[in-house]
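Notes follow once the structure below has been shown.
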Amino acid sequence: MKFFHFAVLPLAAIIFAGCAPKNPPSGYPEETIPVNQNLPPPVLMEDTLPPRVPPAANTINLFDSQSGRYNSNAILTTVYFGFDKYNVATAERDKLAAIATRAKGTKIIVAGYADHFGTDQYNLALSDKRAQSVKNYLVKLGVPEGNIEVQAYGKQYARHGGTKAQVAEDRRADVVDENYGAR
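Those letters in the sequence shown? Residues 0 to 182, per numbering that gives the first Met the number 0, in order.
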């Protein structure tokens, strides 16, 4: 009887291996698809995220597209995140509470960023989650959701070196007065 089990198990494994799907599931990163298969490109997460574009042209001197930084005078606050984190930490919530009243009366942009570690796709999604998390917290504080635009920049503007403290500055979401410079 034991011999039967030992003989059947390898045979069953061989049979089931032949039944495995020939194409990878959609959304697989391209580098995991064997080169010899002629498959359409996968749908990437980046296709579902908001575009990474500078703010509207009517906001003069608001965004420097070379550095990826907003005018420091237009930034209401900056919320920092831990490595691979996107929830607003308790220590950062006071910053948002302090600017909530001002944010209620203007259009704001919440711009999420990530450090240079990880893939472009992963960091774009992470920066979007960071910005969405800040937006959701501001909405809880009474800022109208319609007044908040979310931008996700991923690691597009991250520094590629520096001290731990400098790299940590890239893990942030800037809350920006969109009407700065249009007044």
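Cβ coordinates follow ideal geometry from the N, Cα and C atoms, glycine included.
All figures in this text were calculated on a predicted structure; none of them were measured in a lab.
For residue i, report the span of its beta strand (DSSP E) as first-last.
| i | result |
| --- | --- |
| ALA110 | 107-111 |
For residue i, count neighbouring C-beta atoms within 10 Å of its own C-beta (all shown protein chains included) and say buried if the count is 16 or more, exposed if not.
| i | result |
| --- | --- |
| GLU144 | exposed |
| PHE62 | buried |
| LYS163 | exposed |
| PHE80 | buried |
| LYS139 | exposed |
| ASP176 | buried |
| GLY183 | No answer is possible for residue 183: it lies beyond the span of the chain, which begins at 0 and ends at 182. |
| ASN122 | buried |
| ALA88 | exposed |
Classify residue i as helix, strand or coil using the three-state DSSP reduction.
| i | result |
| --- | --- |
| THR162 | coil |
| GLN150 | strand |
| ASP114 | coil |
| TYR121 | helix |
| GLY26 | Its pLDDT being 40, under 50, GLY26 is placed unreliably in this model, and the coordinates cannot settle the point. |
Taking DSSP's pairing of strands, which residues face residue i in a bridge?
| i | result |
| --- | --- |
| TYR79 | ARG171 |
| ARG188 | One cannot answer for residue 188 here, as it falls past the ends of the chain, which runs 0 to 182. |
| TYR69 | PHE62 |
Hey, could you find the ends of the alpha helix (DSSP H) residue i is sitting in?
| i | result |
| --- | --- |
| LYS84 | LYS84 -> no alpha helix (DSSP H), and no H or E assigned at all. |
| LEU95 | 89-103 |
Could you check which residue in the options has the C-alpha nearest to that of residue i?
| i | options | result |
| --- | --- | --- |
| ILE107 | GLN65, THR77 and GLY160 | THR77 |
| SER64 | GLU168, ALA157 and LEU95 | ALA157 |
| ALA124 | VAL149, VAL166 and ARG101 | VAL149 |
| LEU75 | LYS84, ALA88 and ALA97 | ALA97 |
| SER66 | ASN135, LYS128 and ASP169 | ASP169 |
| ARG68 | LEU95, ASP173 and TYR179 | ASP173 |
| SER126 | THR100, ALA88 and ALA151 | ALA151 |
| TYR136 | ASP114, ASN70, THR105 and VAL109 | VAL109 |
| VAL142 | GLY104, ALA167, ASN60 and GLY161 | GLY104 |
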